[in-house]
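Accompanying notes for the structure given below.
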Amino acid sequence: MAFLSPENQSDIKKIFADLSGDVRLLFFTQRDSPLIIPGREDCPTCKDTRALLEEVVALSDKLHLEIHEVSPDSEIAREHGIDRVPALIMMADGVKGKVRYFGLPSGYEFSVLLGSLLDVSKAEADLSEDTIEVLNALDKDLHFQVFVTPT
Amino acid sequence: MARLAHKMAIANSHIVADVVEVSEFPDLAQRYMVRGVPKTVINDSVDFLGNVPEATFVEHIQRAASLDVT
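Following this line, the structure appears as structure tokens:
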């Protein structure tokens, strides 16, 4: 099943015309297993998230999807501090911190995904000078978690 | 809020910005007592509800940075 209708696709392509630099999308998903193992946490949205991202990256040659099927002890997951799936890290030259998304970006949050892809691609955040100044003065690590729900 | 948090991470190497679909992670909803969205948590020490202007977000960041002793 396609998530994006032909109309969606053409709208998104117009938005993606503003992409500047290449973006790496590191996607972490559950390792597919034909077996149901008791106690193993299932990831009901992993497949849909992967399918959606595959449709999205197909709309621009600046977007590069890297899929990592992980288990909780995978080295690549640990390296990136990923302790749950589905997880997405958006990376590009010039991006300083970590831009991550956990879960399936549906409804309104899909537009957040598109917006953040553009921002990451530009590696430029149109923040006020005051904000930049405060952030630059920080000498400790900060972890933001913004909890959202699909609408 | 989600996009603003991401922008701040783009601009600063000290920041990890996570946007989390909370309905998919009930353990986090419970742990952070998420009863409304968007809810933003900074370093487990400061949280606020709703969409706030950039300057207010920055104030919360400063508060979290000053509370955080690690």
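Listed in order, the protein sequences are those of chains A and B. The numbers in our numbering rise by one with no breaks, and the one at position 105 of the first sequence is 101. Numbers in our numbering are just positions in the second sequence, counted from 1, shifted up by 27. For glycine and all other residues, C-beta sits at the position ideal for the given N, C-alpha and C. For clarity, every value in this text was computed on a predicted model and none was experimentally measured.
Nearest residue (CA-CA) to residue i, options the options
| i | options | result |
| --- | --- | --- |
| residue 28 of chain B | A:123, A:119, A:26, A:38 | A:123 |
| residue 114 of chain A | A:1, A:55, A:12, A:5 | A:12 |
| residue 159 of chain A | A:10, A:88, A:93, A:121 | Any property of residue 159 of chain A remains undetermined from this structure, which presents chain A solely from -3 to 147. |
| residue 90 of chain A | A:84, A:1, A:116 | A:116 |
| residue 76 of chain B | B:52, B:93, B:63 | B:63 |
| residue 119 of chain A | A:38, A:86, A:61, A:76 | A:86 |
| residue 54 of chain A | A:2, A:70, A:101 | A:2 |
| residue 7 of chain A | A:17, A:56, A:47 | A:56 |
| residue 16 of chain A | A:50, A:24, A:136, A:58 | A:58 |
| residue 140 of chain A | B:58, B:52, B:73, B:94 | B:73 |
| residue 52 of chain B | A:135, A:10, A:42 | A:42 |
| residue 65 of chain B | B:79, B:57, B:39 | B:79 |
| residue 61 of chain A | A:-1, A:23, A:106 | A:23 |
| residue 89 of chain B | A:142, A:144, A:137, A:145 | A:137 |
Closer than 8 Å at the beta carbon, the chain A residues around residue i
| i | result |
| --- | --- |
| residue 35 of chain B | 93, 121, 123, 127, 131, 140 |
| residue 67 of chain B | 140, 141, 142, 143 |
Neighbour list for residue i in chain B, Cβ cutoff strictly below 7 Å
| i | result |
| --- | --- |
| residue 80 of chain A | 52 |
| residue 53 of chain A | Chain B residues near residue 53 of chain A: none, gap ~18 Å exceeds 7 Å. |
| residue 89 of chain A | By Cβ distance, chain B contributes nothing, its closest Cβ being about 11 Å from residue 89 of chain A, past 7 Å. |
| residue 75 of chain A | What residue 75 of chain A touches in chain B: nothing, since even the nearest Cβ is about 14 Å away. |
Extent of the continuous alpha helix (DSSP H) to which residue i belongs
| i | result |
| --- | --- |
| residue 7 of chain A | 2 to 12 |
| residue 127 of chain A | 125 to 133 |
| residue 66 of chain B | Careful: residue 66 of chain B lies outside any alpha helix (DSSP H), inside the beta strand (DSSP E) at 66 to 69. |
| residue 138 of chain A | First-last for residue 138 of chain A: 138 to 144, but that is the beta strand (DSSP E), not the alpha helix (DSSP H). |
| residue 115 of chain A | 104 to 118 |
| residue 9 of chain B | Given a span of 28 to 97 for chain B in the structure shown, any question on residue 9 of chain B remains unanswerable. |
| residue 74 of chain A | 71 to 75 |
DSSP three-state assignment for residue i, whether helix, strand or coil
| i | result |
| --- | --- |
| residue 58 of chain A | coil |
| residue 27 of chain A | coil |
| residue 43 of chain A | helix |
| residue 38 of chain B | helix |
| residue 80 of chain A | coil |
| residue 96 of chain A | strand |
| residue 49 of chain B | helix |
| residue 91 of chain A | coil |
| residue 19 of chain A | strand |
| residue 61 of chain B | coil |
Proximal chain A residues relative to residue i, where beta-carbon distance stays under 7 Å
| i | result |
| --- | --- |
| residue 28 of chain B | 142 |
Any chain B beta carbon closer than 9 Å to residue i
| i | result |
| --- | --- |
| residue 112 of chain A | yes |
| residue 134 of chain A | yes |
| residue 17 of chain A | no |
| residue 65 of chain A | no |
| residue 100 of chain A | yes |
| residue 96 of chain A | yes |
| residue 40 of chain A | yes |
Span of the beta strand (DSSP E), counted from its first residue to its last, around residue i
| i | result |
| --- | --- |
| residue 28 of chain B | Looking at the DSSP string, residue 28 of chain B is not in any beta strand (DSSP E), and its letter there is neither H nor E. |
| residue 87 of chain B | No beta strand (DSSP E) holds residue 87 of chain B; the alpha helix (DSSP H) holding it covers 81 to 94. |
| residue 85 of chain A | 83 to 87 |
| residue 76 of chain B | 73 to 76 |
Proximal residues of chain A, C-beta to C-beta of residue i below 9 Å
| i | result |
| --- | --- |
| residue 70 of chain B | 136, 137, 138, 139, 140 |
| residue 73 of chain B | In chain order: nothing, as chain A lies at least about 10 Å away. |
Closer than 9 Å to chain A by CB, residue i
| i | result |
| --- | --- |
| residue 57 of chain B | no |
| residue 49 of chain B | yes |
| residue 79 of chain B | no |
Contacts that residue i makes with chain B (C-beta to C-beta distance below 8 Å)
| i | result |
| --- | --- |
| residue 146 of chain A | 48, 50 |
| residue 115 of chain A | 30, 33, 34, 37 |
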